[in-house]
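See structure below.
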């Protein structure tokens, strides 16, 4: 920025010096037929225009890039004009007509000078064109082109006129001597005027730029008036058409600059306010992006107070957030936190409430004279004005932004709207941040649940006991990540395996913890007792003693003796076990209370045991209620009947196949309905006799 | 998805709680709240009518367990009336008939409270 400004300044100063030098050389000797003063003035004018163009368009006009195209085009154009002159009754390019011998000596040099002068004029017009085209409308381009066409027509017309015609180009009356001249000059003037009104670029200037442009422009205009290259007698004599173009360009540039300067002059008093508006608009525009890039909450809060303070040029700001029903100061900017701590809660509360009830922003221009906040002035002496805004998201209050100015009337009414707009953006940003945090938390929570699930699943037997005459298979699926169902196989001695299936009431974490505890208790109790009744009674005692009163456990306990092929079965409130033999299903449901429901006495009195003698080919099927209560999308239950049918239909008695069959039937039944309870199944199948023999035969 | 509703009716010293729909882990707190309200009002003679209860999960059963000892120590009780076959089956499996008085008619339970 500084470099750019310096360059502009030096361009202007150089231009000015050259121009003044030209002025001072009023009666300077001629340089190739043109007074040196004119040359200096022209060059100075060009430099100053270049500076103006840079200043206004905020970028280099890519003239250097375009010159390669521009110069040949201009040359072609000029050749055409001069060619036209050659066709006239008068002698074209009458270098010989020049009174000075130097020109006859080097005519091509003078021609080059003439062309360069034209090029300078064209460049100046192009610079003005770039100004005209700022915020162009549909007709902008057309107007400019028509004006150019008039200049060209006039050049064509004058190419056919007598260059030595008396009084030509001397004064206004010279333009209007003949009918074509009147028409052409009227058209030109009309479009010069139309283009002269295209001064929208001045709205985009900052106050400083307006001041600079005004004074530079004033100089330029004075310079352009002084610029007489278009009318230089020598040039006119040599090429009437070229002189006409330059004259018209000068007319246009002078008029245009006058219009622009007037526009700037009228805007200068309000330029400061305009600047502020522009700044505010830009600020609010960039705000969304700024707040969007903030990664964490602390940073967002810090940015909020910082930007909030900037947006209305406050001396200090603090942000208060609402959590539940209470409020806490989250961030402070430009103030010491102690200062805010000192302000009585009642004052803060009344400010907060007033903001809420006054369209979410509340402005006190003179704190010292406002009784509603008398406490504020007392504890916070420097405060002159205070502006408070409620931060909301979809009508939900998130917090409050307080801004203070040390000056009385330090805020204007517009600051209110501005802070409100800002607060709305902050509300969105804070809400986004919260949602992002929730998402992250959920991810973390899910990950933790997965770990818990894995841990819980690892509590279930990973390997199934290998038995000679029987096969065991199990399945457990929790409704949530963690559940209360469990099963276990505990080998006791050489011929006994205990099969346990249980269900802790409730769901989720607490059930899972109890389940983990139970596993240990069952494992510890099993070896001490022969009878499943006794083991369950022992566990009942534990559950009564250690579990919450509203938690209970159902459990089915089978002591399977694989030498004797017997099963001792006891049930504590659990879903019955099915014995499938020769395609007939018998449900074993010995009496027994759920664990933890009653005192040990009562439990022991109630519980019964069932003794089953097993035969090869038998299938024992244990489960939890989650299986028969599995629902379909219409909330109908899988049910005991359906299960019984599936069990009865088993052809090949193989534990894993049975489980798979039931599982598939259950899944087909529920058809994508949400599982609402854990499902556990354990199947034990006794090998057929022939098979046992065959296996034994092989092993021998 | 599962709808649940608790209604209450007081008949002299007896309070009847009507449960409707699905009583599971999600809806159990509602039932729990209703019982707690009665306990807070020292209305300890409670009848729970299950005529319109279509499902009860272990969490729902746990609610009965959570209150029964406290109520009985205050010489109150929870009596269960008019369970559907399906709900009764769940109670039966768990051994609830041993622990709770279950009646087919609400009037019987009220009568039972009156004589005691």
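Chains as they are written, first to last, in my numbering: chain A, 125 to 824; chain B, 2 to 117.
A virtual CB, placed ideally from N, CA and C, is assigned to each residue, including glycine.
1. Where does residue 280 of chain A sit, in a helix, a strand or coil, going by DSSP?
2. How is residue 675 of chain A classed by DSSP in three states: helix, strand or coil?
3. Could you please give the first and the last residue of the uninterrupted alpha helix (DSSP H) stretch that includes residue 696 of chain A?
4. Can you confirm whether residue 64 of chain B, when its beta carbon is compared against all beta carbons of chain A, has any partner nearer than 8 Å?
5. At 8 Å on the CB atoms, spell out the chain B contacts of residue 642 of chain A, in chain order.
6. Taking the alpha-carbon positions, what's the residue 461 of chain A to residue 663 of chain A distance?
7. What whole-angstrom Cβ distance do residue 64 of chain B and residue 32 of chain B have, given they're in contact under 8 Å?
8. Can you have a look at residue 323 of chain A and say buried or exposed, based on whether 16 or more other CB atoms are within 10 angstroms of its CB?
9. Taking beta-carbon pairs under 8 Å, can you tell me which members of the region 797 to 808 of chain A lie near chain B?
10. Quick one, which residues of the region 707 to 736 of chain A are near chain B if we go by CB-CB under 8 Å, in chain order?
11. Taking Cβ positions, are residue 597 of chain A and residue 780 of chain A nearer each other than 8 Å?
12. For residue 25 of chain B, name the three-state secondary structure that DSSP assigns.
13. Strictly by DSSP, which residues pair up with residue 712 of chain A?
14. Give the DSSP-derived three-state secondary structure of residue 629 of chain A in the structure shown.
15. Quick check: the Cα distance between residue 53 of chain B and residue 80 of chain B, rounded to an integer number of angstroms?
16. Measure the beta-carbon distance from residue 119 of chain A to residue 471 of chain A and round it to whole angstroms, keeping in mind my assumption that it falls under 8 Å.
17. Helix, strand or coil: which one does DSSP assign to residue 486 of chain A?
18. Given that residue 756 of chain A touches chain B, what residues does it touch there, using C-beta distances under 7 Å?
19. Considering only DSSP beta bridges, list what residue 526 of chain A is partnered with.
20. So, does the CB of residue 99 of chain B fall closer than 8 Å to a CB anywhere in chain A?
21. Are the CB atoms of residue 607 of chain A and residue 802 of chain A nearer to each other than 8 Å?
22. Do residue 331 of chain A and residue 439 of chain A have their CB atoms nearer than 8 Å?
23. Check residue 615 of chain A in the structure and name its three-state DSSP category.
24. Taking Cβ to Cβ, would you say residue 91 of chain B is nearer than 8 Å to residue 57 of chain B?
25. Quickly, what does DSSP pair residue 452 of chain A with across the bridge? List them, please.
26. Look at the alpha carbon of residue 516 of chain A and the alpha carbon of residue 557 of chain A, and state the distance between them as a whole number of angstroms.
27. Does the beta-carbon of residue 83 of chain B have 16 or more other beta-carbons within 10 angstroms, so that it is buried, or is it exposed?
28. On the three-state DSSP scale, how would you describe residue 11 of chain B?
29. Looking at C-beta atoms only, is the number of pairs between the region 792 to 809 of chain A and the region 587 to 601 of chain A that lie closer than 8 Å three or more?
30. What does residue 674 of chain A reach in chain B if we use C-beta pairs closer than 7 Å?
31. Using only alpha-carbon positions, find the residue among B:116, B:14, B:24 that is nearest to residue 43 of chain B.
32. Does the contact criterion of 3 or more C-beta pairs under 8 Å hold for the region 8 to 24 of chain B versus the region 621 to 637 of chain A?
33. Between which two residues does the beta strand (DSSP E) holding residue 56 of chain B run?
34. Which same chain residues, not among the five before or five after residue 702 of chain A, have their C-beta less than 6 Å away from its C-beta?
35. Across the region 490 to 506 of chain A and the region 392 to 409 of chain A, are there enough close Cβ pairs to call them in contact, namely three or more that are closer than 8 Å?
36. Ends of the beta strand (DSSP E) at residue 597 of chain A?
Taking the structure as given:
1. Residue mapping note: residue 280 of chain A aligns to position 156 of the first chain, counting from 1. Note: residue 280 of chain A maps to helix in three-state DSSP.
2. One-based indexing of the first chain puts residue 675 of chain A at position 551. Three-state DSSP puts residue 675 of chain A in coil, outside helix and strand.
3. Position 572 of the first chain holds residue 696 of chain A. That residue, residue 696 of chain A, is in no alpha helix (DSSP H); its beta strand (DSSP E) goes 690 to 696.
4. Counted from its first residue, the second chain places residue 64 of chain B at position 63. Chain A contact via Cβ: present.
5. The residue you call residue 642 of chain A lines up with position 518 of the first chain. Going along chain B, no residue has its Cβ under 8 Å from residue 642 of chain A, so there is no contact; the nearest lies around 14 Å.
6. Looking up residue 461 of chain A in the first chain gives position 337. Looking up residue 663 of chain A in the first chain gives position 539. Distance between the alpha carbons of residue 461 of chain A and residue 663 of chain A: 60 Å.
7. Reading the second chain from its first residue, position 63 is the one you call residue 64 of chain B. Reading the second chain from its first residue, position 31 is the one you call residue 32 of chain B. With a Cβ gap of about 5 Å, residue 64 of chain B and residue 32 of chain B count as contacting.
8. Reading the first chain from its first residue, position 199 is the one you call residue 323 of chain A. So residue 323 of chain A counts as buried.
9. Contact annotation: in the region 797 to 808 of chain A, residues whose CB is within less than 8 Å of a CB in chain B are 798, 800, 801.
10. Hits within the stretch, in order: 713, 715, 716, 717, 718, 720, 721, 722, 726, 730.
11. Translated into positions along the first chain, residue 597 of chain A becomes position 473. Translated into positions along the first chain, residue 780 of chain A becomes position 656. Contact check for residue 597 of chain A against residue 780 of chain A passes: the beta carbons are separated by less than 8 Å.
12. Walking along the second chain from the start, residue 25 of chain B turns up at place 24. Looking at residue 25 of chain B - three-state DSSP - the assignment turns out to be coil, as it is neither helix nor strand.
13. Taking the first residue of the first chain as position 1, residue 712 of chain A is located at position 588. In the DSSP output, where bridge partners are listed per residue, residue 712 of chain A has A:701.
14. Along the first chain, one-based indexing puts residue 629 of chain A at 505. Residue state for residue 629 of chain A is assigned as coil, using DSSP reduced to three classes.
15. By one-based count along the second chain, residue 53 of chain B stands at place 52. By one-based count along the second chain, residue 80 of chain B stands at place 79. Each residue's alpha carbon lies about 16 Å from the other.
16. A question about residue 119 of chain A goes unanswered here, because the residues of chain A that appear run from 125 up to 824.
17. If you number the first chain from 1, residue 486 of chain A lands on position 362. The answer is strand: DSSP assigns residue 486 of chain A an E or B state.
18. Reading the first chain from its first residue, position 632 is the one you call residue 756 of chain A. Taking a Cβ-Cβ cut-off of 7 Å, residue 756 of chain A has no neighbours in chain B, whose nearest Cβ is about 12 Å from it.
19. Your numbering for residue 526 of chain A matches position 402 in the first chain. For residue 526 of chain A, which the question treats as bridged, DSSP gives the partners A:442, A:512.
20. To locate residue 99 of chain B, count along the second chain from 1; it is residue 98. So yes, residue 99 of chain B belongs to the interface.
21. Numbered from 1 along the first chain, position 483 holds the residue referred to as residue 607 of chain A. Numbered from 1 along the first chain, position 678 holds the residue referred to as residue 802 of chain A. With respect to the 8 Å criterion, residue 607 of chain A and residue 802 of chain A are classified as neighbours on the basis of their beta carbons.
22. Translated into positions along the first chain, residue 331 of chain A becomes position 207. Translated into positions along the first chain, residue 439 of chain A becomes position 315. If you check the CB distance, residue 331 of chain A and residue 439 of chain A do not come in under 8 Å.
23. Translated into positions along the first chain, residue 615 of chain A becomes position 491. In the structure shown, residue 615 of chain A sits in a strand (DSSP, three-state: E or B).
24. By one-based count along the second chain, residue 91 of chain B stands at place 90. By one-based count along the second chain, residue 57 of chain B stands at place 56. Yes, the pair counts as a contact, with Cβ atoms nearer than the cut-off.
25. Position 328 of the first chain, counting from 1, holds the residue named residue 452 of chain A. In the DSSP output, where bridge partners are listed per residue, residue 452 of chain A has A:445.
26. One-based indexing of the first chain puts residue 516 of chain A at position 392. One-based indexing of the first chain puts residue 557 of chain A at position 433. Whole-angstrom Cα-Cα distance: 14 Å.
27. As a first step, residue 83 of chain B must be located in the second chain, where it is residue number 82. Label assigned to residue 83 of chain B: buried.
28. Sequence index remark: in the second chain, residue 11 of chain B carries index 10 (1-based). Look at residue 11 of chain B here: in three-state DSSP terms it is strand.
29. Yes, they touch.
30. Taking the first chain and counting its residues from 1, the one referred to as residue 674 of chain A is at position 550. Under a criterion of Cβ atoms nearer than 7 Å, the residues of chain B adjacent to residue 674 of chain A are, in order, 63, 64, 66, 67.
31. Locating residue 43 of chain B in the second chain gives position 42, counting from the first residue. Nearest option by C-alpha distance: B:14.
32. No, because fewer than three Cβ pairs between the region 8 to 24 of chain B and the region 621 to 637 of chain A fall closer than 8 Å, the two stretches do not touch.
33. For the purposes of this step, residue 56 of chain B is identified with residue 55 of the second chain, where counting begins at 1. Residue range 46 to 57 is occupied by the beta strand (DSSP E) that includes residue 56 of chain B.
34. Looking up residue 702 of chain A in the first chain gives position 578. Once the five neighbours on either side are set aside, the close Cβ partners of residue 702 of chain A are 709, 711, 745, 771.
35. They do not touch, by the three-pair rule.
36. Position 473 of the first chain, counting from 1, holds the residue named residue 597 of chain A. From DSSP, the beta strand (DSSP E) with residue 597 of chain A extends over 594 to 601.
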